[in-house]
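Sequence positions in the sequence shown follow our numbering and run 170 to 323. Think of the CB as a built atom: it goes at the ideal place given N, C-alpha and C, for glycine as much as any other residue. Computed from a predicted model, the values in this text were never measured in an experiment. Notes follow once the structure below has been shown.
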Amino acid sequence: MGDQNNDGCDDFFITELDNATGAGGKLSFFYGGNPVSTIPAFMIPNFSPKATTGCDVNRDGYRDIIVQRYGTKKPPVIDIYFGGPGLDSIPDYTFTYHDTTVIYLDMYGKSWPMDFNGDGFEEFMFSDIVYKPGGSYANFRYFFCETNSVLTSR
170 MGDQNNDGCD DFFITELDNA TGAGGKLSFF YGGNPVSTIP AFMIPNFSPK ATTGCDVNRD
230 GYRDIIVQRY GTKKPPVIDI YFGGPGLDSI PDYTFTYHDT TVIYLDMYGK SWPMDFNGDG
290 FEEFMFSDIV YKPGGSYANF RYFFCETNSV LTSR
(Lines of atoms letter the chains of each structure in order from A; the text may use other names.)
(Lines give C-alpha, C1' and ligand atoms only; values in the text may rest on other atoms or scores of the structure.)
Protein backbone atom coordinates (compact mmCIF):
# COMPACT_ATOMS: atom_id res chain seq x y z
CA MET A 170 0.00 0.00 0.00
CA GLY A 171 2.92 2.36 0.40
CA ASP A 172 3.22 5.03 3.09
CA GLN A 173 -0.33 6.24 3.81
CA ASN A 174 0.35 8.42 6.87
CA ASN A 175 3.63 10.03 5.70
CA ASP A 176 5.75 8.60 8.52
CA GLY A 177 8.35 7.11 6.17
CA CYS A 178 7.19 3.51 6.69
CA ASP A 179 5.18 1.43 4.22
CA ASP A 180 1.72 0.44 5.40
CA PHE A 181 -0.13 -2.73 4.41
CA PHE A 182 -3.32 -4.74 4.63
CA ILE A 183 -4.00 -8.42 5.19
CA THR A 184 -7.16 -10.16 4.00
CA GLU A 185 -8.57 -13.23 5.65
CA LEU A 186 -11.51 -15.59 5.39
CA ASP A 187 -13.98 -15.42 8.28
CA ASN A 188 -15.49 -18.85 7.80
CA ALA A 189 -14.95 -22.18 6.08
CA THR A 190 -17.58 -21.60 3.39
CA GLY A 191 -15.80 -18.63 1.83
CA ALA A 192 -18.88 -16.44 2.16
CA GLY A 193 -17.18 -13.57 3.92
CA GLY A 194 -13.89 -12.08 4.88
CA LYS A 195 -12.25 -9.01 6.27
CA LEU A 196 -9.40 -6.68 5.49
CA SER A 197 -7.16 -5.59 8.36
CA PHE A 198 -5.10 -2.43 7.74
CA PHE A 199 -1.79 -1.88 9.55
CA TYR A 200 0.47 1.15 9.71
CA GLY A 201 4.14 0.29 9.24
CA GLY A 202 6.79 1.20 11.78
CA ASN A 203 9.44 -0.25 14.00
CA PRO A 204 7.97 -2.28 15.50
CA VAL A 205 4.83 -2.93 13.43
CA SER A 206 1.70 -2.99 15.57
CA THR A 207 0.00 -6.35 15.97
CA ILE A 208 -3.36 -4.58 16.26
CA PRO A 209 -4.92 -3.32 13.01
CA ALA A 210 -5.65 0.41 12.68
CA PHE A 211 -9.05 -0.56 11.23
CA MET A 212 -10.90 -3.45 9.58
CA ILE A 213 -13.24 -3.59 6.57
CA PRO A 214 -15.62 -6.52 5.97
CA ASN A 215 -15.47 -7.82 2.41
CA PHE A 216 -17.06 -10.47 0.22
CA SER A 217 -13.93 -12.61 0.16
CA PRO A 218 -10.16 -12.17 0.54
CA LYS A 219 -9.79 -12.34 -3.25
CA ALA A 220 -12.35 -9.54 -3.73
CA THR A 221 -9.90 -6.87 -2.55
CA THR A 222 -7.04 -4.94 -4.15
CA GLY A 223 -5.00 -1.77 -3.78
CA CYS A 224 -4.55 0.76 -6.59
CA ASP A 225 -4.22 4.55 -6.88
CA VAL A 226 -7.68 4.97 -8.44
CA ASN A 227 -7.94 8.76 -8.03
CA ARG A 228 -4.29 9.45 -9.00
CA ASP A 229 -3.40 11.44 -5.88
CA GLY A 230 -0.19 9.51 -5.20
CA TYR A 231 -1.66 7.21 -2.53
CA ARG A 232 -2.87 3.67 -3.17
CA ASP A 233 -6.58 3.22 -2.51
CA ILE A 234 -8.36 0.13 -1.19
CA ILE A 235 -10.97 -1.45 -3.48
CA VAL A 236 -13.31 -4.14 -2.11
CA GLN A 237 -16.48 -5.95 -3.06
CA ARG A 238 -18.79 -5.12 -0.17
CA TYR A 239 -19.65 -7.99 2.14
CA GLY A 240 -23.13 -9.43 1.62
CA THR A 241 -23.58 -8.03 -1.90
CA LYS A 242 -24.00 -10.09 -5.01
CA LYS A 243 -26.04 -10.02 -8.20
CA PRO A 244 -24.81 -7.38 -8.82
CA PRO A 245 -21.78 -6.75 -6.61
CA VAL A 246 -21.31 -3.39 -4.87
CA ILE A 247 -17.76 -2.00 -4.96
CA ASP A 248 -16.43 0.31 -2.23
CA ILE A 249 -13.32 2.44 -2.72
CA TYR A 250 -11.45 3.85 0.27
CA PHE A 251 -9.16 6.71 -0.79
CA GLY A 252 -5.62 6.33 0.51
CA GLY A 253 -3.60 9.00 2.28
CA PRO A 254 -3.48 10.46 5.79
CA GLY A 255 -7.31 10.34 6.02
CA LEU A 256 -7.60 6.63 5.12
CA ASP A 257 -10.29 4.98 7.26
CA SER A 258 -13.02 2.33 7.15
CA ILE A 259 -15.69 4.61 5.61
CA PRO A 260 -16.03 4.21 1.82
CA ASP A 261 -15.24 7.36 -0.17
CA TYR A 262 -16.71 6.14 -3.46
CA THR A 263 -19.24 3.38 -4.12
CA PHE A 264 -20.69 1.94 -7.28
CA THR A 265 -22.78 -1.04 -8.34
CA TYR A 266 -21.33 -3.39 -10.94
CA HIS A 267 -23.05 -3.15 -14.32
CA ASP A 268 -23.92 -6.85 -14.85
CA THR A 269 -26.72 -8.24 -12.66
CA THR A 270 -25.77 -11.87 -13.43
CA VAL A 271 -22.37 -11.49 -11.75
CA ILE A 272 -22.07 -12.61 -8.13
CA TYR A 273 -18.36 -12.30 -7.47
CA LEU A 274 -15.35 -10.22 -8.52
CA ASP A 275 -11.83 -11.59 -8.26
CA MET A 276 -9.37 -8.68 -8.09
CA TYR A 277 -5.71 -8.77 -9.10
CA GLY A 278 -2.71 -6.56 -8.44
CA LYS A 279 -2.73 -6.79 -4.66
CA SER A 280 1.01 -6.58 -4.30
CA TRP A 281 2.28 -4.58 -7.27
CA PRO A 282 1.19 -1.58 -9.30
CA MET A 283 0.36 -2.37 -12.93
CA ASP A 284 0.53 0.16 -15.76
CA PHE A 285 -0.86 -1.74 -18.72
CA ASN A 286 -1.35 1.19 -21.11
CA GLY A 287 1.94 3.01 -20.40
CA ASP A 288 0.37 6.30 -19.28
CA GLY A 289 2.35 6.38 -16.02
CA PHE A 290 -0.66 5.52 -13.83
CA GLU A 291 -1.57 2.11 -12.49
CA GLU A 292 -4.67 0.21 -13.52
CA PHE A 293 -6.36 -2.65 -11.72
CA MET A 294 -7.51 -5.92 -13.17
CA PHE A 295 -10.40 -8.13 -12.13
CA SER A 296 -12.47 -11.02 -13.38
CA ASP A 297 -16.16 -11.54 -12.85
CA ILE A 298 -17.94 -14.82 -12.28
CA VAL A 299 -21.46 -15.37 -13.58
CA TYR A 300 -23.86 -17.66 -11.75
CA LYS A 301 -25.90 -19.82 -14.13
CA PRO A 302 -29.33 -21.26 -13.26
CA GLY A 303 -28.92 -24.72 -11.81
CA GLY A 304 -26.06 -23.77 -9.54
CA SER A 305 -23.04 -23.67 -11.80
CA TYR A 306 -20.52 -20.91 -12.40
CA ALA A 307 -19.36 -19.89 -15.85
CA ASN A 308 -18.22 -17.05 -18.08
CA PHE A 309 -15.03 -15.90 -16.42
CA ARG A 310 -14.27 -12.52 -18.00
CA TYR A 311 -11.23 -10.33 -17.37
CA PHE A 312 -11.29 -6.52 -17.25
CA PHE A 313 -8.62 -3.84 -17.00
CA CYS A 314 -9.81 -0.61 -15.39
CA GLU A 315 -8.10 2.70 -15.96
CA THR A 316 -7.80 5.09 -13.07
CA ASN A 317 -8.68 8.78 -13.25
CA SER A 318 -8.63 11.92 -11.19
CA VAL A 319 -12.35 12.76 -11.44
CA LEU A 320 -13.56 10.49 -8.63
CA THR A 321 -14.88 12.54 -5.74
CA SER A 322 -15.68 11.70 -2.15
CA ARG A 323 -18.96 10.14 -1.23
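- Query: Ordered along the chain, which non-local residues of its own chain (more than five positions away) have a Cβ less than 6 angstroms from that of D248?
  - Reply: Around D248: V236, R238, P260 and T263.
- Message: Alpha carbons only, please: which of D288, G287, P214 and G202 is nearest the one belonging to D257?
- Response: P214
- Message: Applying the 10 Å Cβ sphere with the 16-neighbour rule, what's the burial state of E292?
- Response: buried
- May I ask you to report which of helix, strand or coil DSSP gives S296? strand
- Query: Are the Cβ atoms of T207 and P244 separated by less than 8 angstroms?
  - Reply: no
- Task: Find out if the Cβ-Cβ distance for the pair G201, Y231 is shorter than 8 angstroms.
- Result: no
- What residue ranges within the stretch 248-286 form continuous beta strand (DSSP E) runs of no fewer than 3 residues, ordered along the chain? 262-265 and 271-277
- Task: Would you decide whether I234 is buried or exposed? Buried here means 16 or more other CB atoms lie within 10 Å of its CB.
- Result: buried
- Can you tell which of V271, D180 and T265 has the C-alpha that lies nearest to the C-alpha of S197? Ranking the options by Cα distance to S197, first place goes to D180.
- Message: Out of G255, L186, V226 and N203, which one is the CA nearest neighbour of T173?
- Response: Note on identity: in this sequence residue 173 is Gln, with Thr being the wrong assignment. Nearest of G255, L186, V226 and N203 to Q173, Cα basis: G255.
- Query: Does DSSP put F181 in a helix, in a strand, or in coil?
  - Reply: strand
- Ordered along the chain, which non-local residues of its own chain (more than five positions away) have a Cβ less than 8 angstroms from that of D324? Coverage of the chain is limited to positions 170 through 323, which leaves residue 324 absent and any answer about it impossible.
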